[in-house]
Amino acid sequence: MLWKKQQNIDRSSSDEVLSPLTEPFRTALISMYAGEPQLGSDGERHKLDEKVRISRELGVWLYNLCRDAKPKATLEIGLAYGYSTVYFLAAIRDNGAGCHTAVDPYQSHWHGIGQLQAQSLSMGDNFRLIEEKSVPALAHLADRAETFEVTFIDGNHKFDDVLVDFTLSAELCPMGGFVILDDMWMPSIRQAVAFIRSNRHDFEEIKTPMSSIAAFRRIHADSREWDHYVEFPDTHGKPRIFRRFTPAFLRRGAKSIARFLGT
Ligand SMILES: C[S@@+](CC[C@H](N)C(=O)[O-])C[C@H]1O[C@@H](n2cnc3c(N)ncnc32)[C@H](O)[C@@H]1O
C-alpha cells in the first residue's frame with residue numbers, strides 16, 4: 012500500500028528535531044525513524060514501510076500544539092505504525108492529563124504495531140483504538156457527544172472521505188479546537204481544503220511552518236443556511252466557474268492565443 016509519495020519523505024530531517032521530546036518517546040521515535048523492526052501483536056518484530064509516517068517536523072509541531080492547547084481529548088484518523096500517536100502521547104504525558112483516540116480499521120495490516128505503542132510507552136490508560144472506518148466511528152462518537160480539542164486527519168485520502176472526515180471532525184470540535192489535515196501534496200486533500208477555506212467560515216485557517224498540512228481552528232458555530240454553497244477553487248487554484256465559462260484556448264495561455272490570432 013503506497014500511502015506517501017517520495018517527495019513527502021523527510022530524508023534530510025535529523026533526529027535533532029526530536030530534542031523537545033522527553034523519554035521514552037524520543038528514543039521510541041528515533042528507533043522507528045531509523046527503520047528498526049518494531050514489535051507486532053504476533054510477538055514478532057516487523058520491518059516498517061518508511062513511506063507510512065509523518066515527518067519529524069510535523070510530529071513536533073503537533074506535540075507543541077498539544078503542549079500549548081493542553082487538550083483533554085485528542086483524535087487521529089489513521090494510526091498505521093503509530094508515529095503521530097507517539098507525539099500525541101508525549102504531549103499528554105508532559106501535560107499530565109489527556110486521552111488520545113485513534114481510528115483505524117486496518118491495524119492487522121500494520122501487524123498491530125501502532126496499537127502496541129501506547130502499552131510499550133506505559134500510556135495504555137491514555138489511549139483508545141477504535142477499529143472501524145472513520146465515517147461510522149466518528150458518527151458514533153458524535154452520538155455520544157464526545158469532543159476533541161485537537162483532531163489530526165491522516166486516514167483514507169480520497170476526496171470524498173477526507174471531506175466527510177472533516178465534516179464529522181468539525182461536529183466533534185469544541186470552540187477554539189483544532190482540525191488538521193495532512194498531505195496537502197495530494198490533489199484530493201487540496202480540493203477538500205479548498206472547500207473548507209471557501210465554505211467553512213466557522214473555522215479560521217492558522218499559519219504553520221509546513222506546506223504539507225492545512226490547520227483550522229473553530230471560531231464560530233456553523234450558522235450557514237441550508238442551501239449555502241460557495242464555489243471553491245480547483246486544485247490548480249482557479250475557480251471552477253472560470254474553467255467552465257472560459258474558452259479552452261484562453262485557459263491554455265498566451266501561446267494558444269497567439270496561435271489562435273495567427274501571429
Ligand atoms: C498514512 S497512514 C497514517 C500514518 C500515521 N498517521 C502515522 O503518522 O504513523 C494512513 C492510515 O489510514 C488508515 N485508513 C485507511 N482508510 C481508513 C478509514 N476509512 N478510516 C480510518 N483509517 C483509515 C490506514 O489503515 C493507515 O493506517
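One rule links them: number in our numbering = place in the sequence shown (from 1) + 11. Cβ atoms here follow ideal geometry from the backbone N, Cα and C, with glycine treated the same way. These numbers were taken from a predicted model, which means no experiment stands behind them.
Nonlocal neighbours in the same chain, by C-beta distance under 8 Å from residue i, ignoring five residues either side
{"i": "residue 100", "result": "36, 111, 128, 129, 132, 134, 137, 138"}
{"i": "residue 32", "result": "40, 71, 74, 98, 101"}
Burial state of residue i (16 or more Cβ within 10 Å)
{"i": "residue 43", "result": "buried"}
{"i": "residue 194", "result": "buried"}
{"i": "residue 196", "result": "exposed"}
{"i": "residue 165", "result": "buried"}
{"i": "residue 16", "result": "Residue placement at residue 16 is flagged as unreliable, the pLDDT there being 44, under the threshold of 50; the coordinate-derived value follows with that caveat. Burial call: exposed."}
{"i": "residue 234", "result": "exposed"}
{"i": "residue 290", "result": "No answer is possible for residue 290: the residues shown for the chain start at 12 and end at 274."}
{"i": "residue 279", "result": "With the chain covering only 12 through 274, there is no way to say anything about residue 279."}
{"i": "residue 265", "result": "Here residue 265 scores only 47 on pLDDT, less than 50, and its place in the model should not be relied on; the value that follows carries that caveat. By the neighbour-count rule (16 or more Cβ atoms within 10 Å), residue 265 is not buried but exposed."}
{"i": "residue 54", "result": "exposed"}
{"i": "residue 238", "result": "exposed"}
Nonlocal neighbours in the same chain, by C-beta distance under 6 Å from residue i, ignoring five residues either side
{"i": "residue 190", "result": "162, 180, 184, 227"}
{"i": "residue 140", "result": "113, 126"}
{"i": "residue 74", "result": "98, 101, 102"}
{"i": "residue 65", "result": "94, 95"}
{"i": "residue 186", "result": "229"}
{"i": "residue 58", "result": "48"}
{"i": "residue 124", "result": "49, 51, 92"}
{"i": "residue 149", "result": "179"}
{"i": "residue 214", "result": "227, 229"}
{"i": "residue 106", "result": "81"}
Option in the options with minimal Cα separation from residue i
{"i": "residue 67", "options": "26, 54, 52", "result": "26"}
{"i": "residue 91", "options": "63, 31, 213", "result": "63"}
{"i": "residue 77", "options": "39, 154, 108", "result": "108"}
{"i": "residue 71", "options": "238, 28, 164, 93", "result": "28"}
{"i": "residue 115", "options": "105, 146, 38, 33", "result": "146"}
{"i": "residue 144", "options": "32, 89, 215, 54", "result": "89"}
{"i": "residue 120", "options": "52, 149, 150", "result": "52"}
{"i": "residue 221", "options": "122, 167, 187, 69", "result": "69"}
{"i": "residue 178", "options": "217, 81, 229, 31", "result": "229"}
{"i": "residue 34", "options": "210, 104, 80", "result": "104"}
{"i": "residue 174", "options": "54, 210, 152", "result": "210"}
{"i": "residue 202", "options": "215, 172, 213", "result": "172"}
{"i": "residue 236", "options": "224, 219, 212", "result": "212"}
{"i": "residue 153", "options": "176, 242, 142, 182", "result": "182"}
{"i": "residue 117", "options": "188, 167, 151, 80", "result": "167"}
{"i": "residue 242", "options": "217, 219, 207, 216", "result": "207"}
Cutoff 7 Å; reference residue i; Cβ partners in own chain excluding five residues on either side
{"i": "residue 169", "result": "199"}
{"i": "residue 224", "result": "69, 191, 192, 193, 195"}
{"i": "residue 30", "result": "none"}
{"i": "residue 151", "result": "none"}
{"i": "residue 317", "result": "Any question about residue 317 goes unanswered here, given that the chain covers just 12 to 274."}
{"i": "residue 56", "result": "48, 49, 50"}
Original post:
With a cut-off of 8 Å, do at least 3 Cβ pairs link the segment 159-172 to the segment 76-86?
Top reply: Verdict: yes, contact present.
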